[in-house]
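Residue numbers for the sequence shown follow the working numbering, beginning at 2 and rising by one.
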Amino acid sequence: MAADIPALTYRDLELSLDRADHGLFRVRLRGLGMDRTPLPISLDIDGITALRDDPAHYGRRLGEILFAVPSLADAFGQAKGSAFAIPGHGLRLRLVIPPDVSELHRLAWETLVVPGDDMPLAMDERVIFSRCLGGQDLVAAPAHNASPKIVAAIASPVDLADPIDVAGELERLRSSLGDLAITELIDDHATFDDIGQALADGADVLYLACHGLFDQDTPLLVLEGPDRQTALVSGKGLAAAVRRLPRKPSLVVLASCQSAGAGEGEVLAAAGPLLVDAGVPA
């Protein structure tokens, strides 16, 4: 019989990123006896995202750019080495990004490869990797409801060049949820106003399937207007509507539909933290 593997004791390190002046970003390391002065760095976000179809190259390039400043690379290496030097210890790394810095939330940080390593940091068995952000209005999730009120909004404006298969999306959702009742917002009901009203009526779960795009790093969701034409709603606009609700949904699922083009998942990934900051637990 295989011997039990003892649980590791984790040492904490925080790596925070935020916007700085002149198109740069500010990075700071805290923990393991250090609190480094924030350093300005340049991130070629477009160049990194262009590698999305090659995860290995993507992760290596992300690491090369993040740790291009020698003092930051040395400090991170020392912190990681310090955590691993003690038998039975690992590293708990928290990546902290403010919810409104959408261009950084677009990046797949879970693929990050530290220069000199041969695999993503998040895949190291000695590392617990997590993304964190400050949800100032975050409240505890309500008690589990055996019959949650689920709202499914699937937006496919009639003027889309690449329409969403609404029936197919609904069928996949129904097959996943079994006998749970679903309030469907489709056709001319997949509007911002109708979604807002459904949430105000007390939805526990919002499932939103739509196309998305960026406008100067602002995530935009492609919803429908009353005439079923395209109506663009910013991630901040949706988050603001959620923030005003007296009772917020316990879960919001931003679904990238099967017909989604390259990069649309990044739009939804950037919108998600805005909803967490507005008080959605998950």
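The C-beta atom is built at its ideal place from N, Cα and C for all residues, glycine as well.
(message) Quick check on isoleucine 49: does DSSP put it in helix, strand or coil?
(response) helix
(request) Compare the beta carbon distance of alanine 242 and glycine 197 with 7 Å and say whether it is the shorter of the two. (result) yes
(request) Assign alanine 3 to one of two classes, buried (16 or more other C-beta atoms within 10 Å of its C-beta) or exposed (fewer than that). (result) For alanine 3, the pLDDT reaches just 46, beneath the cut-off of 50, and the residue's location in the model is therefore unreliable, although a value from the coordinates is still provided. So alanine 3 ends up on the exposed side.
(message) Just to confirm, is the Cβ distance from isoleucine 49 to arginine 61 under 7 Å?
(response) no
(message) At the level of alpha carbons, what is the spacing between valine 159 and leucine 30?
(response) 48 Å
(message) Looking at the secondary structure, which residues open and close the beta strand (DSSP E) in which histidine 212 lies?
(response) 212-216
(request) Name, in chain order, the residues that DSSP records as bridge partners for proline 208. (result) Residue identity check: residue 208 is tyrosine in the sequence provided, not proline. The partner list for tyrosine 208 (beta bridge, DSSP) reads Ala153 and Val254.
(request) Report the option in Ala201, Ala109 and Ala156 whose CA atom is closest to the CA atom of leucine 171. (result) Ala156
(request) Return the bridge partner residues of threonine 184 from the DSSP annotation. (result) Val152
(request) Buried or exposed for glutamate 104, please, with buried defined as at least 16 other CB atoms from any protein chain shown within 10 angstroms of its CB. (result) buried
(request) Excluding the 5 residues preceding and the 5 following leucine 224 in the sequence, name in chain order all residues of the same chain whose CB lies nearer than 7 Å to its CB. (result) Ala156, Ala191, Thr192, Phe193, Cys211, Ala232 and Val234
(message) Please list the terminal residues of the continuous alpha helix (DSSP H) segment that includes arginine 62.
(response) 56-67
(message) Which residue wins for smallest C-alpha separation from glutamate 126, given the options Gly64, Asp278, Gly89 and Phe215?
(response) Gly89
(message) Below 8 Å, how does it come out for the segment 199-208 and the segment 246-255: are there three or more Cβ pairs, yes or no?
(response) yes
(request) Out of Arg132, Gly32, Leu9 and Pro41, point me to the one whose CA is closest to histidine 23's CA. (result) Pro41
(message) If you reduce the DSSP assignment to three classes, tell me which class methionine 124 lands in.
(response) helix
(request) Enumerate in chain order the residues of its own chain whose CB-to-CB distance from glycine 226 is below 8 Å, with the five nearest sequence positions on each side excluded. (result) Pro158, Thr192 and Ala232
(message) My output table needs one value for alanine 279: the three-state DSSP class, helix, strand or coil.
(response) coil
(request) Have a look at the DSSP bridge pairing and note the partners of arginine 95. (result) Glu15 and Ser131
(message) Going by DSSP in three states, arginine 175 sits in which element: helix, strand or coil?
(response) helix
(message) With distance defined between alpha-carbon atoms, name the residue in Asp119, Asp163, Val102 and Met120 nearest to leucine 276.
(response) Val102
(request) For valine 115, I'd like the list of residues in its chain whose CB is within less than 6 Å of its CB, leaving aside the five on either flank, ordered along the chain. (result) Gly64 and Leu122
(message) Can you tell me whether isoleucine 196 is helix, strand or coil according to DSSP?
(response) helix
(request) Using a threshold of 7 Å, state whether the C-beta atoms of isoleucine 183 and alanine 153 are closer than that. (result) yes
(request) Kindly give me the distance between the Cβ atoms of leucine 200 and glycine 213, rounded to whole angstroms, as I take these residues to be in contact under 8 Å. (result) So it is not a contact: roughly 19 Å between Cβ atoms.
(message) Tell me the residue span of the beta strand (DSSP E) that contains glycine 32.
(response) 26-32
(request) Give the DSSP-derived three-state secondary structure of histidine 23 in the structure shown. (result) coil
(request) Below 8 Å on the Cβ atoms is my guess for alanine 256 versus leucine 186; work out the distance and round it to an integer in Å. (result) Going by Cβ atoms, the distance from alanine 256 to leucine 186 rounds to 13 Å, so no, they are not a contact pair.
(message) Suppose you measure from the CA of arginine 12 to the CA of glycine 117; what does that come to, to the nearest Å?
(response) 22 Å
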